[in-house]
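Please read the structure below before turning to the comments.
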Amino acid sequence: MILDIVILAAGQGTRMRSALPKVLHPVAGKPMLGHAIDCARALSPRRIHVVIGHGAEQVRAHLEAPDLHWVMQEQQLGTGHAVAQALPGAEGADQILVLYGDVPLLRETTLKRLSEQAGAEALGLLTVEMQDPTGYGRIVRDAAGRVLAIVEQKDASPAQLAIREGNTGIMALPGRHAARWLNSLSNANAQGEYYLTDVVAKAVEEELNLVVAQPEDELEVMGANNRQQLSILERAWQQREALRLMTAGVTLADPARLDVRGEVEVGRDIFIDVNVILAGRVQLADGVTIEANCVIRDASIGAGAHIKAFSHIEGAEVATGCDVGPYARLRPGTRLQDGAKIGNFVETKKADIGPGAKVNHLSYIGDAQVGAQANVGAGTITCNYDGVNKSVTHIGENAFIGSNTALVAPVRVGAGASTGAGTIVTQDVPDGALAVGRARQRNIEGWKRPVKRSS
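Residue numbers (this note's numbering): 158 to 612.
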C-alpha cells in the first residue's frame, strides 16, 4: 500500500499570545510539529506533506528536512481546504493519513493501528471517549453503532452535544476517493469553513466501509491551543518518559521531578535524584548515579560513574568509574577516561583526561591532554587562548601540577614532572623535572599597615 501522510500546521495559534508559530512551541524540548513528524516517519510513508501558513518561513527554517514536502495554505479556510492543498503531491497514494502539528503525544502504535484497519478502501477515524468533549466534533452513530457523521460543536444540537465520543481529527482517507470528496466540500456552516469531517457523511452516503480506532488515553490525542494546555502535554510526556525509564531499570527519586528533552538510552541499576534534566542524546550505562540538580546534554556516561549534585555535562564522554562534581562543568569535547575525577568548580573543554587522573578543585582545563594518574592542583588554569587562536596543553602521565599554576599553551609538562605552586609555565617541562616560575618572596620587617584617614 502506498501511504502518504499530511500534517496540518498552518494555524496561527492566537491563544498562545506569542510571536512563535503555535506548532513550534516545544514539548520536551522539541517543537510540537517535530513530534508529529517523528510519528509520521515511524510509518515509513512514501511522502510527508506539511501544510503551513502562519509563520511558514519560520516553521520551515526550524524543521527543514529532505523527506518533507512543504505545502502552502495561503488562506486558512478550514481543515478540508488544508488537506486539499496537499492533494497534488499525494497523487497515486492508496491511503492518505491526516495528522495535526499541535498533537505531540500521538503514539506510533496508535497511528499504525488506524492505518492498518482502514487499508486502501475504508475511511478510518481516530476517535476518543472524553470526560469533557467541549470543543471537539461529536461522533454521531446510528442505533447499530455505525458512524453516520461528525458534527462540529458549533453546529451541534443539544442532543449531539451530550455525546462524549469526540473526533480527534486524525483520519485515514482512501486515496482513490480523497480528491473527489475534498473538492466537493461546502462551507455552509457556522464557521464558514470547509470541514474535513464532512467526508464522513459522503462515505456513509456512498456506503463505503468506515472503521474506528481509539488511542490508549485522551492525552495522546490532545492538542495545545494555549500555554495551559501546553503545560499539560509537557507533564504527560515527562510522566511517560519516567515510566519508560523505570521499566528499563532506573530508580527515580521522584518521577515527577525528572525532565527528559531528547532521546535517553539506559542500562540497569541507575539512580537519578531530583531535578535532573536529560537533553539531546544521552546514554547512561549500568550503575550510574546522578545526584540532584544536574543537567546532562548530548553525553555518554559510563558504567558506575558518579555525577554529583549541580554538575553540567554537555557534549562529553564520561567513562567507567569516573567521579564528577559537585558543581562541575564538562563542556563539549571533554573525554574522561576510566576512573578519572573532576571535582568541585572545575570546568573542562576539549580536554582528554587520562585514566585515574584528577582535577579536583577550582580549575579550568581547556584544549588539553592530561595523562594517566596525573594530579592537577587547585586553581590551575590552562591559558589556551591568545585572543585569536587556541593552543593545546599536554600534561604527562603521573605529572603533578601545583596549586595556582598557569600553563601558557602551547606547552608540554613531561611524564612525572611537577610544577611548584603559583608557577607560570611558559616553556616545556622535561620528564621528571620540577618547574618553578614565580617571583622570589621578600619579607619587609617592621611593615606598618595603612590606617584609615580621618574625615
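We treat Cβ as the ideally placed atom computed from N, Cα and C, and that holds for glycine.
For the set D543, T284, E322 and I522, the Cα lying nearest the Cα of P489 is the one of I522.
The stretch 263-273 and the stretch 243-254 touch, with no fewer than 3 CB-CB distances between them shorter than 8 Å.
Of the residues N546, A531 and S560, the one whose Cα lies closest to the Cα of H518 is S560.
G500 places its beta carbon 8 Å or farther from that of E554. By the neighbour-count criterion, in which a residue is buried when 16 or more other Cβ atoms sit within 10 angstroms of its Cβ, W604 is exposed. The continuous alpha helix (DSSP H) containing V357 extends over residues V356 to E362. In this chain, P412 is not harboured by any alpha helix (DSSP H), its DSSP state being neither H nor E. For N541, the closest alpha carbon among the candidates S575, V582 and A578 is that of V582. Where A197 is concerned, the enclosing alpha helix (DSSP H) starts and stops at M189 to R198. When the Cα atoms are used, M403 and Q395 turn out to be separated by approximately 12 Å.
Under the three-state reduction of DSSP output, R401 falls in the helix class. Going by DSSP, E273 is part of the alpha helix (DSSP H) stretching over E265 to A275. Of E363, I296, V297 and L244, the smallest CA-CA separation from A335 is found for L244. Pairing V361 with T325 gives a Cβ-Cβ distance that is not under 8 Å. A buried status is given to K179, since no fewer than 16 other beta-carbon atoms sit within 10 Å of its beta-carbon.
Annotation for T284: I296, E322, G323, N324, T325, V369 and Q371 place their beta carbon closer than 7 Å to its own, counting only its chain and skipping 5 residues before and after.
Closest by C-alpha distance to S343, out of V407, D426, A241 and E474, is A241.
Inclusion of G544 and G571 in the CB contact set at 8 Å is not warranted, their separation being larger than that value. E474 places its beta carbon 8 Å or farther from that of D455. By the Cβ-count criterion, V593 is exposed, with fewer than 16 other Cβ atoms from all chains shown falling within 10 Å of its own Cβ.
The shortest C-alpha to C-alpha distance from G332 to any of P315, E248, L387 and A347 is the one to E248. Of L165, A413 and L220, the smallest CA-CA separation from I434 is found for A413. Below 8 Å, enough C-beta pairs join the stretch 344-355 and the stretch 226-241 to call them touching: three or more.
Secondary structure in the stretch 310-364: the alpha helix (DSSP H) runs of 4 residues or longer, each lying completely within the stretch, are 315-318, 332-340 and 356-362 in chain order.
Out of V228, V452, S457 and A531, the CA that lies nearest to the CA of S468 is found in V452. Per DSSP, Q233 lies in no alpha helix (DSSP H) and is assigned neither H nor E. Distance between G534 and R425, taken at the CA atoms: about 35 Å.
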